[in-house]
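Colleague: Here my numbering = 1-based position in the sequence shown + 6.
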Amino acid sequence: MKILAVDMSSVMRRYWEAAEGKDFGEARQRAVRTITGAAAGYDRIAIAIDVAKGPSFRTAFFSGYKAGRADPGEAYRAQLKEAVTDLRELGATVWFSPPLGSNGNGVDGYGAA
7 MKILAVDMSS VMRRYWEAAE GKDFGEARQR AVRTITGAAA GYDRIAIAID VAKGPSFRTA
67 FFSGYKAGRA DPGEAYRAQL KEAVTDLREL GATVWFSPPL GSNGNGVDGY GAA
């Protein structure tokens, strides 16, 4: 079995910044098209995503992790959520990283178990 593993935040953020943060859905559409296009020949798509507000668990290992990176805002998070919904509907499996200090209870960043 061949699995395509994707860092969703990386793909989505690239298109969001290319669109200069405009809230019109193109970043979401381009991210989904990129991932589904890359999935040709794979049996499954696995999406990894860090959606926690506040510091990432990675800051426990490296305090400078994405230091100074601007928060893209709620419009970005709304499009990211829509992109994840689109990919789930296409059969992708999605894993969410726990926020710093959480117990990692298996609830994703959008409230679904």
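Note that CB positions come from ideal geometry on N, CA and C, so glycine has one too.
1. Give every residue of the same chain whose Cβ lies closer than 7 Å to the Cβ of I41, excluding the five residues on either side of it in the sequence, and list them in chain order.
2. Between which two residues does the alpha helix (DSSP H) harbouring A81 extend?
3. Excluding the 5 residues preceding and the 5 following Y48 in the sequence, name in chain order all residues of the same chain whose CB lies nearer than 6 Å to its CB.
4. For A54, which residues in the same chain have their Cβ closer than 6 Å to its Cβ, ignoring the five residues on either side in sequence?
5. Secondary structure at R50, three-state DSSP: helix, strand or coil?
6. Who are the Cβ neighbours of D29 in its own chain at under 7 Å, not counting the five residues just before and after it?
7. Note down, in chain order, each residue of its chain lying with its Cβ closer than 6 Å to the Cβ of Q85, except the 5 sequence neighbours on either side.
8. Pick from A89, T99, G97: whose alpha carbon is nearest that of R19?
Modeller: To lay it out plainly:
1. The count along the sequence shown starts at 1 and reaches residue 41 at position 35. Answer for I41: V12, V17, I51, L93, listed in chain order.
2. Reading the sequence shown from its first residue, position 75 is the one you call residue 81. Here the alpha helix (DSSP H) through A81 covers 80 to 95.
3. Working through the sequence shown from its first residue, we reach residue 48 at position 42. Result list for Y48: K8, L10, in chain order.
4. For the purposes of this step, residue 54 is identified with residue 48 of the sequence shown, where counting begins at 1. So the qualifying residues of the chain are D13, W101.
5. Taking the first residue of the sequence shown as position 1, residue 50 is located at position 44. Strand, per DSSP.
6. The residue you call residue 29 lines up with position 23 of the sequence shown. Closer than 7 Å at Cβ, skipping near neighbours: A81.
7. Stepping through the sequence shown from its first residue, residue 85 is reached at position 79. Within the same chain, Q85 has close Cβ partners A33, R34.
8. One-based indexing of the sequence shown puts residue 19 at position 13. Out of A89, T99, G97, A89 has the C-alpha closest to the C-alpha of R19.
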